[in-house]
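Colleague: Handing you a structure now.
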Amino acid sequence: MKMNQDNRKVDLMGVLKSYLFPAVIAAVSAYNTSSDYRLKTDIKSVVDPSTRLLKLKPINFAWIVDGARTDGFLAHELAEEIPDATTGEKDGTKVEEYVTSPAVYREVTIEAVIDENGNEVEAERTETELVSEAVTAERTVPDYQGIDQAKIVPLLVAALQDALKRIAVLENGA
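Under this note's numbering, think of the first position of the sequence shown as 221, with each following residue one higher.
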């Protein structure tokens, strides 16, 4: 730590890191969801977690964009058991505006302004002038569904607890 002119502490390394490594600092993220009990009402246990968990259909797939393989779910199938873990609708679409022809501009030279004594009052300059406006249109495009993986966790925990209780009963001589 150094002291600045006003005798305040300055964290030079912190400042330096934020300038030199902005991507690294920005990559450290925390996604928190409000979960304080004071924000909730009508609290109940997760109903029949094991049965619901068995209805989920995990898959392995390749992304169309780059062929990378990963494990996951199809959002519309996951929505059947955990609706609040998904966004959007199956086969959803939206209308978007797009440019069919861009605006056209040209450079225009504005001559210098000379007063009656031959003195330059304003220098010669160039300005950009709009020749024609952009032309836009609308089209219908996919509105893809999404999944909030964190919303699956409570069901997983409840199902695991359910299974562990059943195992304990079996181990203790049913």
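We put the beta carbon where it would ideally sit given N, CA and C, even for glycine.
Roughly how many whole angstroms lie between the Cα atoms of Pro303 and Val389?
Modeller: Rounded to whole angstroms, Pro303 to Val389 spans 32 Å at the Cα level.
Colleague: Rounding to the nearest angstrom, what Cα-Cα distance links Ile387 and Lys277 in this structure?
Modeller: Each residue's Cα considered, the two are about 24 Å apart.
Colleague: Are there three or more Cβ pairs, one per stretch, closer than 8 Å when the region 317-327 is compared with the region 355-371?
Modeller: These segments touch.
Colleague: Which of the three DSSP states, helix, strand or coil, is assigned to Ser255?
Modeller: It is coil, neither helix nor strand.
Colleague: With distances taken from CA atoms, which of Val361, Asp262, Ala383, Thr346 is nearest Thr313?
Modeller: Among Val361, Asp262, Ala383, Thr346, the Cα nearest to that of Thr313 is on Val361.
Colleague: Which full runs of the beta strand (DSSP E) of 3+ residues lie inside the region 300-332, going along the chain?
Modeller: Qualifying beta strand (DSSP E) stretches, in chain order: 313-321, 324-330.
Colleague: Could you tell me the distance, in whole angstroms, from the CA atom of Thr348 to the CA atom of Ile330?
Modeller: Their Cα atoms are separated by approximately 10 Å.
Colleague: With burial defined as no fewer than 16 other Cβ atoms inside 10 Å of the residue's Cβ, what is the status of Thr306: buried or exposed?
Modeller: Result: buried.
Colleague: Decide yes or no for the touch test of the region 365-376 against the region 336-352: beta carbon pairs closer than 8 Å, at least 3 of them.
Modeller: Contact between the region 365-376 and the region 336-352 is absent, because fewer than three Cβ pairs lie under 8 Å.
Colleague: So, are the CB atoms of Gln365 and His296 less than 8 Å apart?
Modeller: Yes, Cβ-Cβ distance for Gln365 and His296 is below 8 Å.
Colleague: Classify Ile263 as helix, strand or coil using the three-state DSSP reduction.
Modeller: If DSSP states are grouped into helix, strand and coil, Ile263 belongs with coil.
Colleague: Per DSSP, what kind of secondary structure is Glu342 in: helix, strand or coil?
Modeller: Note: Glu342 maps to strand in three-state DSSP.
Colleague: To which residues of the same chain is Leu375 closer than 7 Å at the C-beta, ignoring the five residues directly before and after it?
Modeller: These residues qualify, in order along the chain: Val266, Pro269, Arg272, Leu273, Ile302.
Colleague: For Asp363, does the three-state DSSP call read helix, strand or coil?
Modeller: In the structure shown, Asp363 sits in coil (DSSP, three-state: anything other than H, G, I, E or B).
Colleague: Spatial neighbours of Leu384 within its chain, please: CB distance less than 8 Å, with the 5 preceding and 5 following residues excluded, ordered by chain position.
Modeller: Hits under 8 Å: none found.
Colleague: Round the Cβ separation of Val341 and Val328 to the nearest angstrom and send it over; I've been treating them as touching at under 8 Å.
Modeller: About 19 Å; that fails the 8 Å criterion.
Colleague: Per DSSP, Val285 forms a beta bridge with which residues?
Modeller: In DSSP, Val285 forms no bridge with anything.
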